[in-house]
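Notes for the one structure printed next.
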Amino acid sequence: MTAPHNDTTHVDSDLLTEIAIAYYQDGATQEEISKMFGMSRAKVGRLLRRARDEGVVEITVKYHPVFSEKLEQQLVDRFNLKRALIALDQPDDESQRQQVASLVSSYLSSILTDDMVVSVGQGRNIASIASHVGVVPHRNCRFVSGIGGTHRSGNAINADHICRQLAKKYDGISETLYAPAYVEDIKVKEAFMKNGTVKETLDRARRADVALVGVGDMNENSHMVKLGWFTPQEIVEARIRKGVVGDIAGYDFFDSQGLRADTMMSDRVIGLTMEELRHIPTVVVTAAENSKALALLGALRSGVVDVLATSVSNALTILNLDQQMK
Numbered sequence: 001m002t003a004p005h006n007d008t009t010h011v012d013s014d015l016l017t018e019i020a021i022a023y024y025q026d027g028a029t030q031e032e033i034s035k036m037f038g039m040s041r042a043k044v045g046r047l048l049r050r051a052r053d054e055g056v057v058e059i060t061v062k063y064h065p066v067f068s069e070k071l072e073q074q075l076v077d078r079f080n081l082k083r084a085l086i087a088l089d090q091p092d093d094e095s096q097r098q099q100v101a102s103l104v105s106s107y108l109s110s111i112l113t114d115d116m117v118v119s120v121g122q123g124r125n126i127a128s129i130a131s132h133v134g135v136v137p138h139r140n141c142r143f144v145s146g147i148g149g150t151h152r153s154g155n156a157i158n159a160d161h162i163c164r165q166l167a168k169k170y171d172g173i174s175e176t177l178y179a180p181a182y183v184e185d186i187k188v189k190e191a192f193m194k195n196g197t198v199k200e201t202l203d204r205a206r207r208a209d210v211a212l213v214g215v216g217d218m219n220e221n222s223h224m225v226k227l228g229w230f231t232p233q234e235i236v237e238a239r240i241r242k243g244v245v246g247d248i249a250g251y252d253f254f255d256s257q258g259l260r261a262d263t264m265m266s267d268r269v270i271g272l273t274m275e276e277l278r279h280i281p282t283v284v285v286t287a288a289e290n291s292k293a294l295a296l297l298g299a300l301r302s303g304v305v306d307v308l309a310t311s312v313s314n315a316l317t318i319l320n321l322d323q324q325m326k
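Residue numbers (UniProt numbering): 1 to 326.
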């Protein structure tokens with residue numbers, strides 16, 4: 001028995017494009033197109049599918065804000081959250097971060113009051129909140145670094161830099177954690193943790209009213225790897241052997257069930273742990289990138305997250321994954 005002949009194989013890309021434009025842009029029916037190009041309606045259908053498969057046509061669904069609100073409520077109910085802030089999908093990562101940052105900025109403006117303490121993490125998503133341009137109320141808040149700094153002084157995604165930006169934005173004050181984010185020797189970390197100045201700042205961060213933290217996925221090209229904190233091999237080993245799916249606040253790792261995972265990467269970073277974050281009344285977790293849905297699911301299952309800020313695509317994937325992985 002011979003395989004059925006594919007009569008669309010030899011159709012050139014120009015004709016494929018013409019048919020796609022006639023259907024998707026001009027609104028012609030498949031019947032009209034079949035008469036226009038002298039081919040069967042069934043063949044037109046196959047060519048339209050081929051146009052989608054080969055990327056000649058890309059279909060993007062534009063969600064209405066009401067849809068986002070329904071997703072937010074589903075996430076709140078499913079994971080016992082205070083709030084979910086869901087931004088409509090954008091064409092690139094930077095635009096997506098800005099959309100999510102806008103929602104977080106508005107949320108902060110609504111909850112911050114004078115004398116509140118905000119513990120601040122690192123990363124591009126948290127930096128986007130600080131750099132988001134918008135009208136915000138003046139708040140006499142203290143923004144405290146919840147993690148040390150990287151070796152790149154003044155780097156825009158350092159917690160210290162972000163604290164300064166937030167303090168300027170809300171007319172508050174910032175507090176630096178005078179320690180490196182990463183050390184190679186646990187004895188060096190223990191020495192820093194005993195330092196009076198470092199201890200005082202971390203104690204203040206632990207007693208914060210609000211924490212702003214990001215979530216990372218286990219990617220060999222992650223920011224932590226680029227900084228030299230961990231090697232790609234360590235990331236792969238943690239992912240495969242330990243089932244690690246992500247990190248919260250920059251280094252505390254967990255699996256898909258939200259359980260903290262001990263890896264060879266543990267105890268190298270000076271900052272707040274998952275357990276310490278758990279005691280902060282409002283932990284806002286922000287991740288805009290669509291590659292982070294599984295990491296966000298693990299973070300949500302950990303019970304650390306009070307407010308989730310992400311995209312529509314991530315929200316849908318999180319809800320689907322949670323249903324499939326129960």
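By construction, the Cβ of each residue, glycine as well, lies at the ideal position given by its N, Cα and C atoms. If you're wondering where the values come from, they're calculated on a predicted model, not measured in any experiment.
Those residues which DSSP pairs with residue i across a bridge
i	result
G271	I147
D247	G216, F253
I173	R142
Y182	V269
S119	V144, A211
R260	F254
Coil, strand or helix - residue i by DSSP
i	result
L15	helix
R83	strand
A309	strand
A293	helix
V304	coil
T282	strand
T2	The predicted position of T2 is uncertain, since its pLDDT is 40 and thus under 50; a value taken from the coordinates is nonetheless stated next. The answer is coil: DSSP assigns T2 none of H, G, I, E or B.
Exposure label - residue i; buried when at least 16 CB within 10 Å
i	result
H138	exposed
N320	exposed
N314	buried
G38	exposed
L259	exposed
K199	exposed
Distance between beta carbons of residue j and residue i, contact taken as under 8 Å
i	j	result
A179	F143	Not confirmed; about 17 Å, so no contact.
L81	V307	6 Å
R204	E276	12 Å between Cβ atoms; not a contact.
G271	I157	The Cβ separation is near 14 Å, so there is no contact.
Y107	L85	6 Å
D255	R78	No, D255 and R78 are not in contact; Cβ-Cβ is about 19 Å, not under 8 Å.
**Message:** Pairs of beta-carbons, one from the segment 199 to 215 and one from the segment 180 to 189, closer than 8 Å: are there three or more?
**Reply:** These segments do not touch.
**Item:** At least 3 beta-carbon pairs within less than 8 Å: the segment 221 to 229 vs the segment 292 to 300
**Value:** Verdict: no, contact absent.
**Request:** Flag this pair as touching only if the segment 38 to 49 and the segment 241 to 250 have three or more C-beta atom pairs under 8 Å; answer yes or no.
**Result:** Cβ pair count under 8 Å is below three, so no.
**Prompt:** Would the segment 96 to 107 and the segment 191 to 198 be scored as touching if the rule is three or more Cβ pairs under 8 Å?
**Reply:** Under the Cβ criterion (8 Å, minimum of three pairs), the segment 96 to 107 does not count as touching the segment 191 to 198.
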